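Enquirer: Below are the structure tokens for one structure; questions will follow.
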Amino acid sequence: MIETHYEFTGKVLIVGFGSIGQGVLPLLLRHFQLKPSHISIVAADYDGCEIAARYGIRLTAIELTEVNYRQVLAPMLEPGDFLVNVSNDVASFSLIELCQRLGALYIDTCIEPWAGGYTNTRIPPRERSNYALREQVLTLRKDFPHGPTSVLTHGANPGLVSHFVKQALMDLADASHQKIDPPTSRAGWAQLARHLGIRVIQVAERDFQQASPRKQPDEFVNTWSVEGFVGEGCQPAELGWGSHEQHFPHDGHRHPHGCRSAIFLNQPGAATRVRSWTPQAGAYHGFLITHSEAISIADYLTIGKGDTPDYRPTVYYAYHPCDDAVLSLHELAGRNWQLQPKIKLVKEEIEHGHDELGVLLLGHAWGGYWFGSRLDITEARLLAPHNGATSLQVTAAVVAAMDWAIRHPTEGIVEPEDLPYDEILAFCRPYLGELLGAYTSWNPLQDRGWIFPEEVDHTDPWQFKNFRV
Numbered sequence: 001m002i003e004t005h006y007e008f009t010g011k012v013l014i015v016g017f018g019s020i021g022q023g024v025l026p027l028l029l030r031h032f033q034l035k036p037s038h039i040s041i042v043a044a045d046y047d048g049c050e051i052a053a054r055y056g057i058r059l060t061a062i063e064l065t066e067v068n069y070r071q072v073l074a075p076m077l078e079p080g081d082f083l084v085n086v087s088n089d090v091a092s093f094s095l096i097e098l099c100q101r102l103g104a105l106y107i108d109t110c111i112e113p114w115a116g117g118y119t120n121t122r123i124p125p126r127e128r129s130n131y132a133l134r135e136q137v138l139t140l141r142k143d144f145p146h147g148p149t150s151v152l153t154h155g156a157n158p159g160l161v162s163h164f165v166k167q168a169l170m171d172l173a174d175a176s177h178q179k180i181d182p183p184t185s186r187a188g189w190a191q192l193a194r195h196l197g198i199r200v201i202q203v204a205e206r207d208f209q210q211a212s213p214r215k216q217p218d219e220f221v222n223t224w225s226v227e228g229f230v231g232e233g234c235q236p237a238e239l240g241w242g243s244h245e246q247h248f249p250h251d252g253h254r255h256p257h258g259c260r261s262a263i264f265l266n267q268p269g270a271a272t273r274v275r276s277w278t279p280q281a282g283a284y285h286g287f288l289i290t291h292s293e294a295i296s297i298a299d300y301l302t303i304g305k306g307d308t309p310d311y312r313p314t315v316y317y318a319y320h321p322c323d324d325a326v327l328s329l330h331e332l333a334g335r336n337w338q339l340q341p342k343i344k345l346v347k348e349e350i351e352h353g354h355d356e357l358g359v360l361l362l363g364h365a366w367g368g369y370w371f372g373s374r375l376d377i378t379e380a381r382l383l384a385p386h387n388g389a390t391s392l393q394v395t396a397a398v399v400a401a402m403d404w405a406i407r408h409p410t411e412g413i414v415e416p417e418d419l420p421y422d423e424i425l426a427f428c429r430p431y432l433g434e435l436l437g438a439y440t441s442w443n444p445l446q447d448r449g450w451i452f453p454e455e456v457d458h459t460d461p462w463q464f465k466n467f468r469v
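Going letter by letter, the sequence shown gives residues 1 to 469 in the numbering used here.
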């Protein structure tokens with residue numbers, strides 16, 4: 001039995017009630033002893049209303065827009081309440097600014113724009129990037145330096161994986177037989193990463209889940225939000241750009257402002273493939289889907305400033321979704337990124353499989369080290385209702401960060417890297433299945449060029465050029 005923490009006396013407003021909202025709800029009730037009358041849900045439609053009704057919670061179906069969001073949400077929030085943003089197409093910047101002004105706590109799992117913001121061709125690709133969205137939200141720190149705690153991008157990834165990175169760094173420090181205490185500052189973590197020789201950090205995820213019936217033609221299937229996945233897949237591919245990189249991509253672009261920790265490619269992430277590795281899958285080809293953690297982790301571990309810092313690892317997400325989602329992406333690309341007429345979020349239809357989500361640290365003395373979670377669908381269903389293997393890794397991290405924010409209510413706008421990794425992992429551990437670390441001798445040059453010659457840099461296997469397919 002996973003322990004209940006304590007009673008939260010404020011109200012909770014959940015914005016969005018798809019797979020993540022539905023999975024978060026029972027965990028909120030379990031950990032914070034919330035009364036149903038203290039929870040409200042605002043969603044774009046009535047999907048999930050039966051689940052809300054089962055818990056005696058009111059769901060209001062209204063599509064939030066840039067015009068009406070204040071009118072709808074402000075009357076539902078008071079100082080000390082908590083807004084849980086797990087929606088699509090509702091701008092995070094707007095909700096964070098509203099919560100700061102009203103004195104309400106806030107959390108989301110990614111930084112969203114208003115509807116159409118990911119694919120609006122009137123906006124240049126640079127401004128449709130997660131880098132631009134993050135920089136915009138972080139400007140609010142100047143306006144609200146000591147406001148209520150707003151936790152940005154704290155799901156599984158982004159979110160939980162930032163704590164995996166710190167744990168992996170400590171594991172490698174232990175393996176070096178050097179007595180190194182966990183750093184207590186951003187600079188300390190960056191110095192540790194440089195000391196260990198970390199060149200590349202991949203968020204390496206392989207989803208092995210299978211559902212029945214299988215994907216049909218003109219249908220997009222996924223184990224979590226279809227709209228969310230397609231939206232981020234159509235954004236420019238993005239990655240934190242390491243100080244060791246010597247070959248700038250021919251389609252790469254830098255940003256002229258902000259922290260300068262990341263670059264973007266002039267093509268969708270769902271059209272960009274990279275090489276990676278997980279313990280169960282071994283070597284695989286993943287999609288370079290843009291995620292905020294690629295930018296925030298690279299920024300957090302930077303020593304120096306600008307485009308040529310003294311040290312920064314290359315950081316990006318290498319995602320192999322479930323097999324039906326891979327087929328859906330191929331079909332989506334063939335339709336020139338116009339979404340299929342049918343979409344299907346599989347939950348109860350999943351018959352077997354697990355999700356392997358972790359971080360792969362490369363370039364150090366031991367070659368490669370992967371640390372993360374391997375969660376089976378059967379175990380996930382036993383651990384928490386309305387969850388699957390993919391969603392539970394997200395929802396547990398949401399509630400863990402909420403737990404921290406409630407205990408630290410005046411921290412202002414924070415990112416996952418600002419939270420204590422050991423506390424978050426301790427909270428999430430009962431929900432993560434098998435939490436493990438694994439060493440590997442794999443590198444992106446292994447078995448390359450034997451069937452056709454390839455243009456790779458054999459002098460340095462840790463160049464992004466060698467990972468990209």
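For each residue, glycine too, the CB sits at the ideal point set by N, CA and C. All values reported here derive from a predicted model rather than from experimental measurement.
Look at the alpha carbon of Leu25 and the alpha carbon of His354, and state the distance between them as a whole number of angstroms.
Expert: Going from the Cα of Leu25 to the Cα of His354 covers about 22 angstroms.
Enquirer: Between the Cα of His244 and the Cα atoms of Trp277, Ala298 and Thr223, which residue gives the shortest distance?
Expert: If we check each option's Cα against that of His244, Ala298 comes out closest.
Enquirer: Quick check on this structure: which residue in Trp337, Gly368 and Asp376 has the alpha carbon closest to the alpha carbon of Glu356?
Expert: When only C-alpha atoms are compared, the closest one is Asp376.
Enquirer: Exposed or buried, which one is Trp277 when buried takes at least 16 other CB atoms within 10 Å?
Expert: Flag for Trp277 reads buried.
Enquirer: Under 6 angstroms Cβ to Cβ from His255, same chain only, skipping five residues before and after it: list those, please.
Expert: Once the five neighbours on either side are set aside, the close Cβ partners of His255 are Tyr131.
Enquirer: Tell me the DSSP secondary structure of Ser40 in three-state form.
Expert: Strand at Ser40.
Enquirer: Of the residues Lys35, Ser40 and Ile62, which one's Cα is nearest the Cα of Tyr46?
Expert: Among Lys35, Ser40 and Ile62, the Cα nearest to that of Tyr46 belongs to Ile62.
Enquirer: Find out if the Cβ-Cβ distance for the pair Gly228, Ala270 is shorter than 8 angstroms.
Expert: Going by C-beta atoms, Gly228 is not nearer than 8 angstroms to Ala270.
Enquirer: Can you give me the C-alpha to C-alpha distance between Asn466 and Leu382, rounded to a whole angstrom?
Expert: Their Cα atoms are separated by approximately 41 angstroms.
Enquirer: What's the C-alpha gap between Thr395 and Ile263?
Expert: Their backbone Cα atoms lie some 29 angstroms apart in a straight line.
Enquirer: Secondary structure at Ser243, three-state DSSP: helix, strand or coil?
Expert: Ser243: coil per DSSP, three-state reduction.
Enquirer: Smallest Cα separation from Glu379: which of Tyr369, Gly368, Trp370 and Ser391?
Expert: Glu379 has its Cα closest to that of Ser391, out of Tyr369, Gly368, Trp370 and Ser391.
Enquirer: Can you tell me where the beta strand (DSSP E) holding Lys344 begins and where it ends?
Expert: Where Lys344 is concerned, the enclosing beta strand (DSSP E) stretches over Lys342 to Leu345.
Enquirer: Can the beta-carbon of His163 be found closer than 8 angstroms to that of Pro416?
Expert: Cβ atoms of His163 and Pro416: closer than 8 angstroms.
Enquirer: Shorter than 8 angstroms from the beta carbon of Ala426 to some beta carbon of chain D?
Expert: You won't find chain D in this structure, because it holds only one protein chain.
Enquirer: If we count the other Cβ atoms within 10 Å of its Cβ and call it buried at 16 or more, is Gln71 buried or exposed?
Expert: Burial call: exposed.
Enquirer: Is it buried or exposed, Pro75, if we count other Cβ atoms within 10 angstroms and call 16 or more buried?
Expert: The residue in question, Pro75, is exposed, as its Cβ has fewer than 16 Cβ neighbours within 10 Å.
Enquirer: Tell me whether Met1 sits in a helix, a strand or coil according to DSSP, three-state version.
Expert: Unreliable placement is indicated for Met1, whose pLDDT of 45 sits below 50; no coordinate value is reported for it.
Enquirer: Based on DSSP bridge pairs, tell me the residues matched to Asn222.
Expert: Paired residues: Leu345.
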